[in-house]
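Residue numbers in the sequence shown follow our numbering, run continuously in steps of one, and reach 298 at the last position.
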Amino acid sequence: MRARSAVFDVYGDHLAARDYWAPISGVITLLQACQIAPPATRTAVSRMASQGWLQPVTRHGVRGYAATQVARHRLVEASGRIYRRGPTDWDGRWHVVVTDRPGDRSQRERVTATLGYLGYGRIAPQTWLAAGTAPELATSLAALQIGYSAFTTSDLADPQTVVARTWDLTDLAVSYSAFTRDAQQLRQEASSGWSPERAYAVRSDLVHRWRKFLFRDPALPTQVLPPDWPGQPARDVFLEVADQLLPPARIFVTKALAVAGAPSTVEDED
């Protein structure tokens, strides 16, 4: 787990009730539980601030960082995808996006990563396909300074073949199956009871691993997925283990932030 990803996970998973703010020393303590050294955490936070994800904010005389509005929007959207309980409804319409030609390799890589995260697969050099319109599409591409045009269609000949050519579902299925086996083992081990710090560290790693699927899984409708798709069983066991570990993990988070000087919240008292 890299420090930048771990910081995002802390803010998205535990800080909504705190207005997405935490003392920097508290963030350092939380990442140390995940074997991330303080210098790496400070560097990650500084870079995220320069990139517009975090901003320095002092509250109650305590120096800390709060998520910016752009980051909060992304965190809420990501949380909805991470903890979604089941497949979403599909109206049978596909969304096709044609981007302008990227100016250089760096911009091309950022466009590819962004559209992949939003569920789009490349079907031609500047042409992308998704099973529905991503609400973040316009703002995400504007931030990359890339123009585009788009349209929706339900007239896609042999969609299963198109899907198989656009996304590597075989490798994704293998990853889902491996994740399910590991999560089932964690579920069994956690039943014996772990300390709050241990529960927090294990849950953070679990969420981090699951969050990677957001960049790989295009969230295709069941109508075009292969039979016995392992995505939903993996989601079910992830949610079960994440729910199981959340109460003790929150105890550790609350203590770490309190020691760092953060005020208590209603959630803490519950």
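We put the beta carbon where it would ideally sit given N, CA and C, even for glycine.
Using the rule of at least 16 other Cβ atoms within 10 Å of the residue's Cβ for burial, across every protein chain shown, is residue i buried or exposed?
i      : result
Gly175 : exposed
Asp196 : exposed
Glu225 : buried
Ala288 : buried
Gly147 : buried
Phe243 : exposed
Pro163 : exposed
Quick one, which of the options has its alpha-carbon nearest residue i's?
i      : options                        : result
Thr161 : Glu217, Ala31, Trp118          : Trp118
Arg150 : Asp132, Ala170, Tyr111, Arg193 : Arg193
Gln154 : Asp132, Pro163, Val126, Thr140 : Val126
Leu43  : Ala99, Ala72, Asp128, Gln260   : Ala99
Ala211 : Glu268, Trp122, Ser33          : Glu268
Gly206 : Arg263, Leu248, Ser168         : Residue 206 is actually Ala in this sequence, not Gly. Considering only alpha carbons, the answer is Arg263.
Pro187 : Pro84, Trp222, Trp122, Ala229  : Trp122
Leu172 : Leu157, Thr198, Ala141, Pro255 : Ala141
Can you pull the DSSP bridge partners for residue i?
i      : result
Thr194 : DSSP, once it has assigned bridges, lists no residue as partnering Thr194.
Arg244 : Arg244 pairs with nothing; no bridge assigned.
Leu82  : Ala95
Pro51  : Gly92
Trp156 : Val125, Arg150
Ala178 : Val125
Arg87  : Val90
Step through the CB atoms of chain B and report whether any lies within less than 9 Å of the CB of residue i.
i      : result
Gly175 : Note that chain B does not occur in the displayed structure, where there is just one protein chain.
The beta strand (DSSP E) that contains residue i, what's its start and end?
i      : result
Ile151 : 149–152
What residue range does the alpha helix (DSSP H) around residue i cover?
i      : result
Val252 : Premise fails: Val252 is in no alpha helix (DSSP H) and is neither H nor E.
Trp222 : Taken as a continuous stretch (DSSP letters only), Trp222 belongs to no alpha helix (DSSP H), as it is neither H nor E.
Arg32  : 31–42
With a threshold of 8 Å, establish whether the CB of residue i neighbours any heavy atom of the ligand HEM.
i     : result
Arg70 : Among the ligands in the structure shown, none appear at all, so the ligand HEM cannot be discussed.
Between residue i and residue j, which are expected to be in contact by the criterion C-beta below 8 Å, what is the C-beta distance as a whole number of angstroms?
i     : j     : result
Arg91 : Ile64 : The pair is not a contact, with the Cβ atoms about 20 Å apart (cut-off 8 Å).
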